[in-house]
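Just so we're aligned: the sequence shown equals residues 28 to 312 in this note's numbering.
The beta-carbon is built from N, C-alpha and C at its ideal position, and this holds for glycine as well.
Being a predicted model, the structure only gives us computed values, none of them experimental.
Comments concern the structure below.
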Amino acid sequence: MAKIMDGKLVSEYIRGKIKDEASALKTRNIVPGLAVILVGDDPASKIYVNNKKKACEQLGFYSEEHLLPADISQEDLMAIVQSLNVRSDINGILCQLPLPSHLDVAPVIEAINPLKDVDAFHPVNVGRIMTGDFKFLPCTPAGVMEMIEYYGINVDGKSCCVIGRSDIVGKPMSMLMLHKNATVTICHSHTKNLKEICRAADIIVAAIGHPRFVTADMVKPGAVVIDVGINRLETGKICGDVDFDNVEPIASYITPVPGGVGPMTITMLMKNTLTAAKIQNLLDK
Ligand code: GUN
28 MAKIMDGKLV SEYIRGKIKD EASALKTRNI VPGLAVILVG DDPASKIYVN
78 NKKKACEQLG FYSEEHLLPA DISQEDLMAI VQSLNVRSDI NGILCQLPLP
128 SHLDVAPVIE AINPLKDVDA FHPVNVGRIM TGDFKFLPCT PAGVMEMIEY
178 YGINVDGKSC CVIGRSDIVG KPMSMLMLHK NATVTICHSH TKNLKEICRA
228 ADIIVAAIGH PRFVTADMVK PGAVVIDVGI NRLETGKICG DVDFDNVEPI
278 ASYITPVPGG VGPMTITMLM KNTLTAAKIQ NLLDK
């Protein structure tokens, strides 16, 4: 029987600390401000954007949304980013992805001032993650690390298997584990002996995007299993990348889906926005 790592609980704990810091900033007339850009009307993106707005309200942050038409030009979108870069009341800028296919994502991300890049997608911030000298971390890997710390899981010297090599999760996740002195193996769709590598791991982070990809025979008894997947089944039910029902009895710790890593991501966005406000008001390095 594994201990369940409760993302809602950890999220509430961290939001409490963020709220206290935001209240302290308010006495200096500083209110963290987040601008979210949403191009088009993808229903899933709309839900994410709305949840970000609610989180800002809960923590006493200022937030604004820029809901832009699906056919906006690259130039007009870049101009909006530039206008947000120069505003002192906006500390964080997030452009919700994916963008419509006629738009080029990289120049948009690179147009964001790295000090306002609360997604940590800008190449400057990506580079800082490599060296370990970072100000912002991408929200999902940051959320995983917070959960590992909250539950007192020791990463030092452990073998860690990260399944998935995306820029947003797999790659930065691997770096953060490496900074904590884990021996990290990154597996992906071309990995030949994925099952064996996974089964040898003390810590597994599944970020593949395939429902129930990690089965019980791939998990060493007592391993820590972190599930980053959010997959919608045909039944409408949400499920992770791990076969939870069969893996849970053999793992030592496991994150459920929903209620595991998911709730942490917006909390980490709020943490980054708070950090951005402190840096821009010269209260942090
Ligand atoms: N779309 C899905 N997840 C994310 C995220 O973390 N940041 C942004 N900007 N877009 C997303």
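Just to confirm, does residue i get its C-beta within under 7 Å of one of the non-hydrogen atoms of the ligand GUN?
i: L121; result: yes
i: I195; result: yes
i: Y40; result: no
i: L124; result: yes
i: C166; result: yes
i: D268; result: no
i: D68; result: no
i: Y327; result: Shown here, the chain extends from 28 to 312; a query on residue 327 therefore has no answer.
i: D146; result: yes
Within its chain, find whatever has a CB closer than 7 Å to the CB of residue i; leave out the 5 residues flanking it on each side and keep chain order.
i: S38; result: P290, M291 and T294
i: V113; result: none
i: S201; result: V189, V211 and I213
i: M32; result: M174, Y178, Y280, I281, T282 and G287
i: P168; result: V196, P199, M200 and L203
i: D116; result: G60 and Y89
i: R313; result: The question about residue 313 has no answer, for the chain in this structure spans 28 to 312.
i: S72; result: L65 and Q123
Less than 6 Å between C-beta atoms, sequence neighbours within five positions excluded: which residues of the same chain meet that for residue i?
i: K207; result: V182
i: K185; result: A209, D229 and I230
Would residue i and residue j qualify as a contact pair, given that the criterion is a beta-carbon distance under 8 Å?
i: H237; j: D268; result: yes
i: F163; j: D194; result: no
i: Q101; j: L130; result: yes
i: C188; j: I224; result: yes
i: R327; j: H215; result: Absent from the model: residue 327. The displayed extent of the chain is 28 to 312, so no value can be given.
i: L296; j: K44; result: no
i: M245; j: R226; result: yes
i: V255; j: V171; result: yes
i: I306; j: L94; result: no
i: K92; j: V76; result: The identity of residue 92 in the sequence shown is Glu, whereas the question assumes Lys. Yes; because the gap between Cβ atoms is below 8 Å, this pair is in contact.
i: A233; j: A29; result: no
i: P285; j: I253; result: no
i: I99; j: K298; result: no
i: L104; j: V132; result: no
i: A304; j: I57; result: yes
i: V251; j: I180; result: yes
Express the C-alpha separation of residue j and residue i in angstroms, rounding to a whole number.
i: A147; j: P165; result: 5 Å
i: V274; j: T242; result: 6 Å
i: L301; j: S50; result: 11 Å
i: S110; j: N118; result: 12 Å
i: Y89; j: D68; result: 23 Å
i: G87; j: L221; result: 45 Å
i: H27; j: G159; result: This structure cannot speak to residue 27, because the chain is shown only from 28 to 312.
i: A106; j: G263; result: 39 Å
i: I120; j: G60; result: 9 Å
i: I74; j: D272; result: 28 Å
i: L52; j: C83; result: 15 Å
i: L309; j: P248; result: 48 Å
i: P125; j: E261; result: 22 Å
i: P276; j: N152; result: 39 Å
Give me, in chain order, the residues of the same chain whose beta-carbon lies closer than 8 Å to that of residue i; leave out the 5 immediate sequence neighbours on both sides.
i: A97; result: V66, G67, D68 and P127
i: I257; result: I265, G267, V284, P285 and G289
Would you mind listing the alpha helix (DSSP H) stretches within the region 169-203 that are 4+ residues and don't spill past its ends, in chain order? none
Which complete alpha helix (DSSP H) runs does the region 100-156 hold, if anything under 4 residues is left out? Here the runs fully enclosed are 101-112 and 132-138.
Return the chain-ordered ranges of every alpha helix (DSSP H) run that is complete within the region 278-311 and spans a minimum of 4 residues. 289-307
Length-filtered (4 minimum) alpha helix (DSSP H) runs lying within the region 189-275: 197-206, 221-226 and 271-274
Which runs of the alpha helix (DSSP H) spanning at least 4 residues fall entirely within the region 28-70, listed in chain order? Within the region 28-70, the complete alpha helix (DSSP H) runs of at least 4 residues are 34-53.
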